[in-house]
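A short worksheet on the structure shown next.
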Amino acid sequence: MKLQQDIESWIALCLIDGLGDESIRRLLVAFGSPAEIFTASTPALERLVNKKVAHSIVKGADRNKVAATLKWLEDSENSIITLADPDFPPLLLNIPDPPPLLYFKGKRQLLNLPMLAIVGSRNATPQGLVNAEAFAKATSDTGLCIVSGMALGVDTAAHRGGLRGSASSIAVVGTGLDLVYPASNRKLAHDLAQQGGLISEFPLGTPAIASNFPRRNRIISGMSRGCLVVEAALQSGSLITARQALEQGREVFAVPGSIHSPLAKGCHSLIKQGAKLVESAEDILDELGYRAPIPEGIDNTGEPEREKPEREKSLLLTHLGHEIIDIDTLSVRSGLTVETVSAMLLTFELDGLVASLPGGGYQRLA
């Protein structure tokens, strides 16, 4: 019963009109808990917040909104994660402005995994989408949960890749969790709720407001050990996330592209400023100094080693279309090392599945 009262107090505190995150943190330091804040006198509150906000606290939050949130919590997929909760993402605690409360839908245990943010253009090229999904799948399979913002383009591809990997994916959204934005990602939102997670600092019912999306980006980068940018124009919102990642002391990575592509200019600008140029998942893992422990005889997808070669062959053939492609691009698409790809291509060539072409290209045969 006490836990229920504590959660209700947290919800009510974060629903007070005019009370911002900084003021909430200041009040928590002074009084210790939301329940103690609500029992404080008006003069005591006015020493920490302005008179209008102090009176709003004494008056209390909108009871209908509190009741609606408690009703939402009756679904076992839904939960509230506060600054005092052991499941609050540990790295997020260390940013200058952590949200006091997070609304969460999905698998809470994912919040304790190391995370990698992957962001990029909403209008990504087909190759950019392939790259985002491939990087996400490969890094998820090493145990890094993939974090992005569920926008169209690179975000969507990153979530799909993360869900295909062993460590899944979490979306940080700019609306209330009772809404899906963009609506075309409803299926993705459902998959994330079932197999991964969705997070928002915004109360239920919060619509898609433009100013909320740059704000949520600090959570995407703040939860993560590093941030990978896949295709971004110079004015892309993804660069906001990258800048916040740098300010938070996170590693920033960027995938290079053609010097003629507007969607490569943002990544090239980041690289000029010191972001790590990456061509494979191994580049990211090396920079982070991260390798997931793998039990003997088991690969990083949890399958026996004897089954791994056949899975990798099938994976490579899936990414090897009938267009001409080089080994490096195949490595990025599949998440396999260049050495593994090279060895398998030789086998495919001997079996008559692939033709090697002048200039180092390969093409799948009918």
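Using this note's numbering, read the sequence shown as starting at 1 and increasing by one per residue.
Quick reminder that beta carbons are idealized off the backbone N, C-alpha and C, glycines included.
Values in this document were obtained by computation on a predicted structure and should not be read as measured data.
Rounded to the nearest angstrom, what separates residue i and residue j at their Cα positions?
i: residue 54; j: residue 45; result: 6 Å
i: residue 103; j: residue 67; result: 15 Å
i: residue 134; j: residue 336; result: 10 Å
i: residue 204; j: residue 13; result: 14 Å
i: residue 168; j: residue 40; result: 43 Å
i: residue 216; j: residue 344; result: 42 Å
i: residue 319; j: residue 125; result: 16 Å
i: residue 72; j: residue 179; result: 12 Å
i: residue 265; j: residue 30; result: 47 Å
i: residue 25; j: residue 100; result: 7 Å
i: residue 316; j: residue 338; result: 12 Å
i: residue 306; j: residue 342; result: Residue placement at residue 306 is poorly supported in this model, since its pLDDT is 46, which falls under 50; the coordinates still yield a value, given next. Each residue's Cα considered, the two are about 20 Å apart.
i: residue 20; j: residue 226; result: 28 Å
i: residue 194; j: residue 86; result: 22 Å
i: residue 192; j: residue 42; result: 43 Å
i: residue 340; j: residue 210; result: 45 Å
i: residue 131; j: residue 228; result: 11 Å
i: residue 286; j: residue 278; result: 10 Å
Please identify the residue among the options whose C-alpha is closest to the C-alpha of residue i.
i: residue 116; options: 88, 347 and 158; result: 158
i: residue 95; options: 139, 112 and 22; result: 22
i: residue 140; options: 59, 165, 340 and 281; result: 165
i: residue 105; options: 200, 240, 38 and 112; result: 200
i: residue 128; options: 329, 340 and 107; result: 329
i: residue 110; options: 334, 213 and 145; result: 145
i: residue 61; options: 17, 251, 170 and 340; result: 17
i: residue 358; options: 218, 82, 326 and 147; result: 326
i: residue 268; options: 234, 187 and 333; result: 234
i: residue 334; options: 290, 113, 354 and 281; result: 281
i: residue 107; options: 348, 8, 272 and 190; result: 190
i: residue 273; options: 212, 243 and 260; result: 243
i: residue 331; options: 283, 59 and 10; result: 283
i: residue 78; options: 98, 7 and 354; result: 7
i: residue 213; options: 258, 363, 148 and 259; result: 148
So if DSSP puts residue i in a beta bridge, which residue, or which two residues, is it bridged to?
i: residue 364; result: 354
i: residue 59; result: Paired residues: none, contrary to the question.
i: residue 103; result: 80 and 200
i: residue 325; result: 362
i: residue 120; result: 230
i: residue 170; result: 147 and 197
i: residue 313; result: In the DSSP output, where bridge partners are listed per residue, residue 313 has none listed.
Between the beta-carbon of residue i and the beta-carbon of residue j, is there less than 8 Å?
i: residue 220; j: residue 154; result: no
i: residue 121; j: residue 263; result: yes
i: residue 196; j: residue 163; result: yes
i: residue 181; j: residue 173; result: yes
i: residue 137; j: residue 176; result: no
i: residue 239; j: residue 245; result: no
i: residue 223; j: residue 91; result: yes
i: residue 324; j: residue 361; result: yes
i: residue 65; j: residue 15; result: yes
i: residue 255; j: residue 275; result: no
i: residue 185; j: residue 150; result: yes
i: residue 188; j: residue 143; result: no
Against chain E, does residue i count as a neighbour if the rule is that its beta carbon must be under 8 Å from one of theirs?
i: residue 170; result: No chain E is present in this structure, which holds just one protein chain.
Would you list, in sequence order, the uninterrupted beta strand (DSSP E) runs of no fewer than 3 residues that lie entirely inside the segment 221 to 273?
-> 226 to 230 and 251 to 254
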